[in-house]
Amino acid sequence: MTLNGGNAASGLATGMEMFALAERLYLINRSITGTGVRETLKIISEIIPGLSMHEVPTGTKAFDWTVPDEWNIATATITDPDGGRVVDFANHNLHVMSYSIPIDAQMSLEELQPHLHSLPDQPDKIPYVTSYYKRDWGFCLTHRTRESLLHGTYHVKIDSTIEPGSLTYGELVIPGEHPDEILLSANVCHPSMANNELSGPVVTTFLARWLASQPRKYTYRIIFVPETIGALVYLSRHLQHLQSHVDAGFVLTCCGDAAEFSFMPSRTGGTYADRLSRRVLSKLQPGFREYSFLQRGSDERQYCSPLADLPVVSIMRSKYHEYPEYHTSNDDLSFITPGALQQSLEVYVQVLLAAESNCIPLTTVVGEPHLSKYGLYPATGGQINQSKVSMTLDLLAFSDGQTDLLEISDRTGHDVLDLRRLTNHLAALGLLQFEHGFHT
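Under our numbering, the first residue of the sequence shown carries the number 7, and numbering increases by one thereafter.
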């Protein structure tokens with residue numbers, strides 16, 4: 007990637023481009039399987055043409071889990087005793103509990119109530135509810151609407167199918183100079199939720215497009231999977247390779263709202279991905295909040311599990327579970343902004359640039375070099391502005407062939423990219439030698 011001259015972030019998408027993709031994907035009904043996932047991946051593939059789609063048949067084992075039957079839905083309505091349509095899936099994808107079985111029946115309000123889901127403490131929001139692995143049906147509605155329901159007979163209809171099919175995921179591998187990999191993972195399984203769902207795949211899509219346009223040392227493995235079962239399926243197919251090749255991984259989610267940045271570390275908290283994220287966030291977003299892994303909730307649960315033990319973290323805005331709009335109809339397009347999407351993209355770019363820039367330098371001179379011979383130190387001593395030469399002296403002081411630039415940056419406070427540019431310059435002068443800082 008561009009380290010000397012030019013703008014390393016040139017070619018990045020604008021926030022408006024990303025928001026436009028979110029708008030295009032928002033109304034597609036997605037679940038852990040089904041046509042909505044395929045339609046979403048097909049649209050994403052227009053932006054990153056190398057994306058391949060993989061189908062995993064119903065019944066396929068993924069460790070302790072099994073790929074379920076495929077679910078698709080056409081229509082769903084509740085009609086009240088007066089003939090009015092109380093709930094209509096056509097008005098909002100969250101109105102039907104995901105994986106609801108088909109039903110066409112007349113029933114009393116008392117019989118209907120156990121199948122209704124609402125939020126008494128948030129009476130104007132539609133909740134997001136699922137029943138992936140238990141056959142059931144249900145409708146989701148605002149609590150205010152639920153309280154207004156009349157006694158009498160209701161016509162309940164869900165036109166859905168649950169039958170053998172497949173789970174779909176998308177994969178793009180962008181090769182670099184080295185087989186060591188960075189994993190980027192985003193979820194494509196939530197219906198009509200902008201921050202918790204769409205911001206992740208949207209930022210990942212444009213991050214992938216940018217990566218494909220850059221020279222790369224790392225190979226990048228980019229996947230779009232249904233949460234939990236999709237990650238487990240992918241691990242079941244690629245675990246040995248991932249354990250051997252992945253230096254750092256990131257789950258991209260909740261990237262679109264205007265809150266301050268937050269960070270979910272890996273299970274151990276000390277992986278290369280943790281180090282990269284903390285260094286970049288400390289520089290760009292010093293007010294970021296770091297959560298405990300005990301507060302995990304996305305696919306880091308699978309990637310960081312003990313027998314997988316991958317170095318995977320997540321950089322977010324508002325963390326899942328931590329904002330009132332989470333898993334409700336209020337997590338809509340008005341909750342995310344083009345500016346926040348663009349800022350999240352730029353933070354991830356800086357993390358990847360830090361990984362690409364990292365190296366392990368080794369000085370070639372015993373003691374400090376005679377810097378003035380190389381134009382690196384004023385020829386006149388005495389009252390020297392030390393700040394002008396401190397980065398050179400600090401870099402040389404820690405260039406022991408064992409300490410990488412990321413750690414040198416942590417110890418000295420100098421920016422990783424600035425240190426790499428200086429490393430290149432000192433190497434050209436014969437004062438340093440270095441090797442790239444791969445970590446597998």
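Ideal Cβ placement from N, Cα and C applies to all residues, glycine included.
Check, Outcome
"Quick check: the segment 330-343 against the segment 195-207, are at least 3 beta-carbon pairs closer than 8 Å?", "yes"
"Using a 10 Å radius around the Cβ and a threshold of 16 neighbouring Cβ atoms, would you call Arg273 buried or exposed?", "buried"
"Among residues of its own chain, excluding the 5 on either side of Met22, which ones have a beta-carbon nearer than 7 Å to its beta-carbon?", "Pro344"
"May I have the straight-line CA-CA distance separating Ser137 from Gly17, to the nearest angstrom?", "42 Å"
"Going by DSSP in three states, Val232 sits in which element: helix, strand or coil?", "The amino acid occupying residue 232 in the given sequence is Pro; Val does not appear at that position. Reduced to three states, the DSSP call for Pro232 is coil."
"Return the first residue and the last residue of the beta strand (DSSP E) that Ser268 is part of.", "268-270"
"Is it right to say Asn99 is buried, meaning 16 or more other beta carbons lie within 10 angstroms of its own, or is it exposed?", "buried"
"Please list the segments of the beta strand (DSSP E) lying wholly inside the segment 156-184, counting only runs of 3 or more residues, in order along the chain.", "159-169, 172-180"
"Where does Pro367 fall in DSSP's three states?", "strand"
"Decide if Pro63 is buried, meaning its Cβ has at least 16 other Cβ atoms within 10 Å, or exposed.", "exposed"
"Just to confirm my understanding: we take His251, look at its own chain, exclude 5 residues before and 5 after, and list those with CB closer than 7 Å. What are they?", "Pro185, Asp186, Glu187, Thr446"
"Across which residues does DSSP place Glu328 in a beta bridge pair?", "Partner(s): none; Glu328 has no beta bridge."
"Output the distance between the C-alpha atoms of His442 and Leu287, rounded to the nearest integer angstrom.", "22 Å"
"Answer with buried or exposed for Ser283, where buried requires no fewer than 16 other C-beta atoms within 10 angstroms of its C-beta.", "buried"
"Per the contact definition of three or more C-beta pairs closer than 8 Å, is the segment 265-280 in contact with the segment 319-336?", "yes"
"Rounded to the nearest angstrom, what separates Tyr139 and Arg302 at their Cα positions?", "22 Å"
"Can you pull the DSSP bridge partners for Gly255?", "Leu189, Val318"
"Any chance you could list the beta strand (DSSP E) runs of at least 3 consecutive residues sitting entirely within the segment 72-139, in chain order?", "76-85, 91-94, 109-114"
"Asp280: buried (16+ other C-beta within 10 angstroms of its C-beta) or exposed?", "buried"
"For the candidate residues Arg243, Leu359, Arg44, whose alpha-carbon lies nearest to that of Tyr226?", "Leu359"
"Which residue comes first and which comes last in the alpha helix (DSSP H) that contains Leu47?", "41-53"
"What residue range does the beta strand (DSSP E) around His442 cover?", "438-442"
"Below 8 Å, can you find three or more Cβ-Cβ pairs linking the segment 213-220 to the segment 85-100?", "no"
"I believe Val209 touches Ser350 by the beta-carbon criterion, under 8 Å. Please report the beta-carbon distance rounded to the nearest angstrom.", "5 Å"
"Round the Cβ separation of Val194 and Arg36 to the nearest angstrom and send it over; I've been treating them as touching at under 8 Å.", "6 Å"
"Give me the residue from Glu374, Pro367, Gly89, Leu238 with the minimum Cα distance to Thr72.", "Leu238"
"For Ile132 versus Thr334, is the C-beta spacing smaller than 8 Å?", "yes"
"Where do the ends of the alpha helix (DSSP H) carrying His149 lie?", "149-153"
"If you follow the beta strand (DSSP E) that His60 is in, where does it begin and where does it stop?", "58-63"
"If you measure between the beta carbons of Ile50 and Thr211, is that distance less than 8 Å?", "yes"
"Going by DSSP in three states, Phe145 sits in which element: helix, strand or coil?", "strand"
"So what does DSSP say about Tyr309, is it helix, strand or coil?", "helix"
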